[in-house]
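Enquirer: My structure is below; once you've seen it, I'll send some questions.
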Amino acid sequence: MVSLCFVKTRTNSDRQQNTDELGQTDKIRTNLDRTQTNSDRQNTHTHRTEKNLGSRFRRIWPNLNQDAISVDFELAVHNAIRIVFPESHIRGCFFHLFQNLKKHLSSANLLTLYNTNPEFSIHAKMIVSLAFVPQQDLLEAITILENYLPNELEPILSYFINTYVGRLRNNGTRAPPTFVPSSWNVYTRTINNEDRTNNFCEAFHRKVQLQLGVSHPTIWKFLDELQKVVKLFDGQYERFVAGHAAPRKRRKYEEADDRILNIVNRYEIGTVIEYLRGISHNLNIV
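Just add 46 to the spot in the sequence shown (first one is 1) and you have my numbering.
Structure below.
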């Protein structure tokens, strides 16, 4: 599996928060919709650049034939992959799915409540825990969750459904979601012990940033320091080729993975609410 990470520079529109619109459910939903509109506008502007980048990647590596490509939740990137690598399955990073939920909690002025109220935090994380439900049971699980969550989370759940499942139309059909469930569902990945995130790619980014030591290096400094980081990772790869064990996860992450796998393996036992609560208890350390 290949992991592609794209870094998008924040714009002034990303930083603007209209706090006067927060506090009432209808105004919260308006703010969430505006945030999504700004994101869609940026995706339109970046789609051509990322498509060209993907095409160049294909020319550099013409024999690439990956079953899956792990990426963040950027619509332009997903669209570019479908065009340039149509044979590959897109796997959205669960960590970034979780982060997107927290961003919308912040937009809805609910992040303080999330950080200070344990029960509210569990309820909020149950929304993103839907990623661990088998796809064929997703719609039923959403219906059950809608009747369980507190009213404060109704606009957050609506955002999640509209973006990742598809808004329910008046005629009973669903509108196409921004990101199809197959791209973010991690039930099968968990059962098969496959990566749910592309955090290893993010770790490479952090290593490069630390090596640079500045936010805006010259192109020559960037290339020089990038070569040093690549040389370091090449050395680690050669150790792996030579038979050395790959670096292990920290113990708390391994234990969380084990608990999540136990919960997923017991999916048929208990209720949907118990299942989602069980997953959400482990998401802070995933």
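Think of the CB as a built atom: it goes at the ideal place given N, C-alpha and C, for glycine as much as any other residue.
So the candidates are ASP113, LEU143, ARG242, LYS149; which of them puts its Cα closest to the Cα of PRO132?
Expert: ASP113
Enquirer: Can you tell me whether LYS274 is buried or exposed, with buried defined as 16 or more other CB within 10 angstroms of its CB?
Expert: exposed
Enquirer: Using DSSP with H/G/I as helix, E/B as strand and the rest coil, what is GLY259?
Expert: The answer is coil: DSSP assigns GLY259 none of H, G, I, E or B.
Enquirer: For the pair the stretch 161-170 and the stretch 189-208, tell me if three or more CB-CB distances fall below 8 Å.
Expert: Output reads yes: the stretch 189-208 touches the stretch 161-170.
Enquirer: Under the assumption that LEU203 contacts LEU195 (Cβ atoms under 8 Å), give the Cβ distance between them as a whole number of angstroms.
Expert: 6 Å
Enquirer: Candidates CYS139, ARG105, ASP118, PHE119: which alpha carbon is nearest VAL130's?
Expert: ARG105
Enquirer: Since PHE206 and LEU147 should fall inside the 8 Å C-beta cutoff, what is the C-beta to C-beta distance between them, to a whole number of angstroms?
Expert: 7 Å
Enquirer: For the candidate residues GLN255, LYS277, PHE279, ASP280, whose alpha-carbon lies nearest to that of PHE268?
Expert: When only C-alpha atoms are compared, the closest one is GLN255.
Enquirer: Looking only at C-alpha atoms, which of VAL174, ILE190, GLY212, TYR283 sits nearest to THR224?
Expert: GLY212
Enquirer: List the DSSP bridge partners of VAL117.
Expert: In DSSP, VAL117 forms a bridge with GLY138.
Enquirer: Would VAL310 and THR236 be called neighbours here (beta carbons separated by less than 8 Å)?
Expert: yes
Enquirer: When the distance is taken between beta carbons, is LEU151 closer than 8 Å to ALA177?
Expert: No, they are not a contact pair.
Enquirer: At which residues does the alpha helix (DSSP H) containing ASN337 begin and terminate?
Expert: There is no way to answer for residue 337, as the model of the chain reaches only from 47 to 332.
Enquirer: Leaving out five residues before and five after ILE188 in sequence, what residues of the same chain have Cβ atoms less than 7 Å from its Cβ?
Expert: LEU176, ILE207, VAL211
Enquirer: ASP280 to PHE286, Cα distance in whole Å?
Expert: 10 Å
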